[in-house]
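Respectively, the protein sequence lines represent chains A and B.
Following the numbering used here, the numbering of the first sequence begins with 259 at its first residue and continues without gaps.
Following the numbering used here, the numbering of the second sequence begins with 492 at its first residue and continues without gaps.
C-beta atoms are modelled at their ideal positions from N, C-alpha and C, and glycine is treated no differently.
Note that the structure is a prediction, hence the values are computed from the model and not measured.
The structure appears right after this line, and notes come after that.
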Amino acid sequence: MKDALNMKIESMTLTGTGIPSGKAGVWCFLASEITVFGGLIGSYLVVRLGSGGWPEAAAHLSFSLALFNTLVLLTSSMTMVLAFDAVEKGDSKKLRTFLFLTILLGLVFLGVKAFEYAGKLAHGFTPGTGVFWSFYYGMTGLHALHVLAGVIVNIILFMEALGNALKPNEHRVELAGLYWHFVDIVWIFLFPLLYLT
Amino acid sequence: MSNILGDVTQGTYHEEKGFWRTYVFSTDHKVIAKQYLALSLFWAVLGGFAAYLIRWQLAYPETAAPGASWIPEPFMYEGVVPPEFYNVLITMHGTIMVFFVAMPLLLAVFGNYLIPLMIGARDMAFPRLNMLSVWVFTLASLVLLISLFVPGGAASAGWTGYPPLSAKAIYTGVNWGMNLWIVAIALEFAAFLMGGINFLTTTLNMRAPGMTLFRLPLIVWMQITAGVVFMLSVGPLIAGAVMLLLDRVIGTTFYVPEGGGQPLLWQHLFWFFGHPEVYVILLPALGIILEILPVFSRKPIFGYRPIIYSTIVAGILSFIVWAHHQYVSGIDPRLAMPFSITTILISVPFALIVFALIATLWKGSISFPTPMLFALGTLGVFLIGGLTGIFVGSAPVDIYFHDTYFVVAHFHYTLFSAVFFGGFAGLYFWFPKMFGRMMNETLGKIHFVLTFILFNTTFFPMFFLGIGGMMRRIANPMQYEFLQPLQPINVFITGSAILLLISQGIFAINFFWSLFRGRIAGPNPWQANTLEWSTSSPPPHENFHKIPTVYRGPYEYSLPETAEDWLPQNQPELEEVKK
Ligand code: HEM
Ligand SMILES: [Cu+2]
């Protein structure tokens, strides 16, 4: 408590950018995340442009499942924004509802993904079947791990909101939101690149 | 003025904490810097020992290396290096020196220690993330150590880990050693990403009153530029490493030609990071020199802003030179020309910085204590590295020199100068601040002279080996008839290298002796201007008793208006005192 008070007094005298440090940190983190997926997507494009026989493999993917998942993620981004809105208005009941919905939608996305993987594996399309499948599993898998991480972060926030422990640190909902939207945007790139061919 | 607010905070930060919270699980940036220092020096000893075994084998192939008979089979046979282990040695030597010595020493030690002190902050923006960083790095260190001892042997595909050699265990017989090598590097990247985020956010948001961006000491600029370059270049390699691991573990075919994969893809991803990485290492070392030169020539730095702009330009250019490592890898020859041009372009901003440094020395009242000697040594040695870089950077010459000892000599002139000359300069300079005592000058000077001479006798002859056609990464040059006449050079190099390694013992003795017996330093032994010298040595737990207010840039030496020949950043002008 005493510490927090001092920090506040001191922060008035510091020279800074005006962007809260937490937010600046998350932006830095997202910038490097962008280059991770950028590298992956760039590799995919290079390999893909240089190889024939690609569309046949891609035709085995289910467009409708992926479209459904895209809508699920987009909706979850909306509920995340609404959760942040609830924080701003100090409405803790709404906050809990929308965080819960976001978590639920994240889990639906992962469930559909698991179903999709199971189907592909059952048809004998393993990661080693060919370089298209390597990219398919590699890219969607890395993305799914990011979704999972986001779900876990949201669950932590939700638990804290339940116990009213979120109080002085509500800006964390905004930070989690930034990350969640990033994960969403990555999917917006993966969806046409992998499924729309 | 703002001092009133500063007064409120005075002395409220001292909490007594137990041993574990103070020295092990500490969030204090100064303790974290020292932890990184301990880890990097530990790795430097191992990396140096690997260099010794490499050099012994090259000079006296298949004979027992003295002092190595304790290493058990199947690594070595009573001191003799078998060829497979030679490959492990060069892989580990490169990996250790670049990722486990250079990065922690130059970025994590000096960045962590100096950034908060120099900008007048009490700690990093995210102290707990900082602690996590050093612990993830420790974990990475452990994983790399374990990888040496797993069945199948340690990673041996070179520090660059090129596929297809690295892509499948059946190609080399090395299975878990290589997997753990990838994991260790990935963890190390994670640690430095956390560090980079902290450096950048701290510098943006935690500066003391009056510390504008153009009053920052240049080493802070260098550290954050290095941090940004690292954060933006490492992503593709992280993606690449994930793909490599997947190839090895679950059988994907990203880099496996028979499955439609592209081995060349890895080279692009690796060097997209790998070239910026050499600037990630170089920039902090340049920063160290930039702090030391004005202090010991008692002159303002020449061209403060142009140096910053050059650094940023170099940082940007470093992203578009990577394919100069691949002239002979089967890339489209039409790419060689543009990459030759960008490579030669990038030497322009660095040449500018070197000229600025020489102009800083010009007509200064120069003195030569050990930190200054090492700083000048860095400059001299790096110059040869940089100039030979122009040779290997242009495709026509590189096609001849690629993968020869010319390249080995070139990158040791750049890396060794940055890491060890630069690192030693920084350690001798800030040791009094870190530990409160001075290091011994006589020992320091002997250390410098020996290191400087022996470094050159070790690495300069390698240029001749390379011109003579000796390839790098070969375990036994005597197997090639055309290399046999060059063998006396190899013997000479090995003798120098062994003496060079032994002479580092002088530093170790000086370090530990000074830690306990050195002369008490006082807050500002070098009469320098930057904020870290305004607090006690070593600084108290939260750095400053009162957050300083900054009135000017960091290099105001020998001003005609002032009585002293230095004017600290936090000292009000005389008129302002009266107010
Ligand atoms: C006493 C000091 C050192 C000696 C005697 C030494 C010697 C060598 C030699 C002979 C090689 C070539 C091995 C081969 O190609 O067969 C080598 C490779 C290498 N060294 Fe050093 N070195 C020293 C210090 C350093 C330092 C300080 C760094 C970097 C910070 C460094 C980085 C590397 C790298 C990256 C390689 C390439 C490894 C590979 O081919 O995968 N070395 N060193
Ligand atoms: Cu390069």
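Not a single heavy atom of ligand 1 lies less than 7 Å from the C-beta of B/His-816. Taken from the Cβ of B/Val-589, every heavy atom of ligand 2 lies 7 Å or farther away. Two segments are said to touch when three or more pairs of C-beta atoms, one from each, lie closer than 8 Å; by this definition the region 426 to 438 of chain A touches the region 405 to 418 of chain A. For the C-beta of B/Thr-744, the chain A residues within less than 7 Å are, from N- to C-terminus, Gly-386, Gly-388, Val-389, Ser-392. Within the region 800 to 876 of chain B, the complete alpha helix (DSSP H) segments of 4 residues or longer fall at 824 to 852, listed in chain order. Taken in chain order, the unbroken stretches of alpha helix (DSSP H) that lie wholly in the region 270 to 334 of chain A and span 4 residues or more are 279 to 307, 312 to 316. DSSP places B/Met-961 in the coil class of the three-state scheme, outside both helix and strand. Close CB contacts of B/Ala-916 within its chain, under the 7 Å cut and outside five residues either way in sequence, are with Ile-779, Ile-780, Ile-783, Pro-862, Phe-865, Ala-866, Thr-869 (chain order). Cβ proximity to chain B below 8 Å picks out Gly-297, Leu-298, Gly-300, Ser-301, Val-304, Val-305, Gly-308, Ser-309 from the region 297 to 310 of chain A. Excluding residues up to 5 positions away in sequence, Thr-851, Gly-855, Tyr-1048, Ser-1049 lie with their Cβ nearer than 7 Å to the Cβ of B/Lys-790 in the same chain. Scanning chain B for C-beta atoms nearer than 9 Å to the C-beta of A/Tyr-395 yields Leu-737, Ile-741, Thr-743, reported in chain order. Distances from the CA of A/Pro-450 to each of A/Met-397, A/Pro-426, A/Val-339, A/Pro-278 were compared; the closest alpha carbon is that of A/Met-397.
If you draw a straight line from the Cα of A/Ala-380 to the Cα of B/Ala-542, it comes to about 51 Å.
Within the same chain, Cβ atoms closer than 7 Å to the Cβ of B/Ile-837 are found at Ala-805, Leu-808, Ser-809, Val-812, the five residues on either side in sequence being excluded.
Of the candidates B/Phe-1007, B/Ile-875, B/Ala-593, the residue whose Cα lies closest to the Cα of B/His-901 is B/Ile-875. For B/Lys-521, the uninterrupted alpha helix (DSSP H) segment begins and ends at 520 to 550.
Comparing C-alpha distances from B/Pro-595 to each of B/Glu-569, B/Val-771, B/Trp-762 shows the shortest one belongs to B/Val-771. Per the DSSP secondary-structure output, B/Trp-650 pairs with nothing in a beta bridge. With fewer than 16 other beta carbons inside 10 angstroms of its own, B/Trp-853 counts as exposed. Between ligand 1 and B/Leu-918, a heavy atom-to-CB distance of less than 7 Å is absent. At a cut-off of 8 Å between C-beta atoms, B/Arg-698 counts as an interface residue with respect to chain A. Against A/Val-294, the close residues of chain B are Gly-726, Pro-727, Ile-729, Ala-730, in the order they occur along the chain (beta-carbon pairs closer than 8 Å).
Under the Cβ distance rule, A/Ala-282 counts among the residues neighbouring chain B, one pair being separated by less than 8 Å. Excluding residues up to 5 positions away in sequence, Val-812, Ala-814, His-815 lie with their Cβ nearer than 7 Å to the Cβ of B/Phe-830 in the same chain. By the Cβ neighbour-count rule, B/Ser-531 is buried, with 16 or more other Cβ atoms within 10 Å of its own.
Checking the DSSP bridge columns, you'll see B/Arg-928 partnered with B/Ile-1011. One alpha carbon belongs to A/Thr-387, the other to B/Phe-590, and they sit about 35 Å apart.
Under DSSP, B/Trp-1017 forms no beta bridge with any residue. Counting only runs that start and end inside the region 557 to 642 of chain B, the alpha helix (DSSP H) elements of at least 4 residues fall at 574 to 586, 601 to 610, 618 to 638. At least one CB of chain B lies nearer than 8 Å to the CB of A/Leu-272.
Take B/Ala-631, set aside five residues on each side of it, and the residues of its chain with a beta-carbon closer than 7 Å to its own are Ala-675, Leu-678, Glu-679, Ala-682, in chain order. Rounded to whole angstroms, the separation of the alpha carbons of A/His-401 and B/Pro-700 is 43 Å.
In the DSSP annotation of this structure, the continuous segment of the alpha helix (DSSP H) that includes B/Ala-660 starts and ends at 660 to 663. DSSP places B/Thr-554 in the coil class of the three-state scheme, outside both helix and strand. Sorting A/Pro-278, A/Thr-293, A/Tyr-302, A/Ser-334 by C-alpha distance to the C-alpha of A/Leu-448 places A/Tyr-302 at the top.
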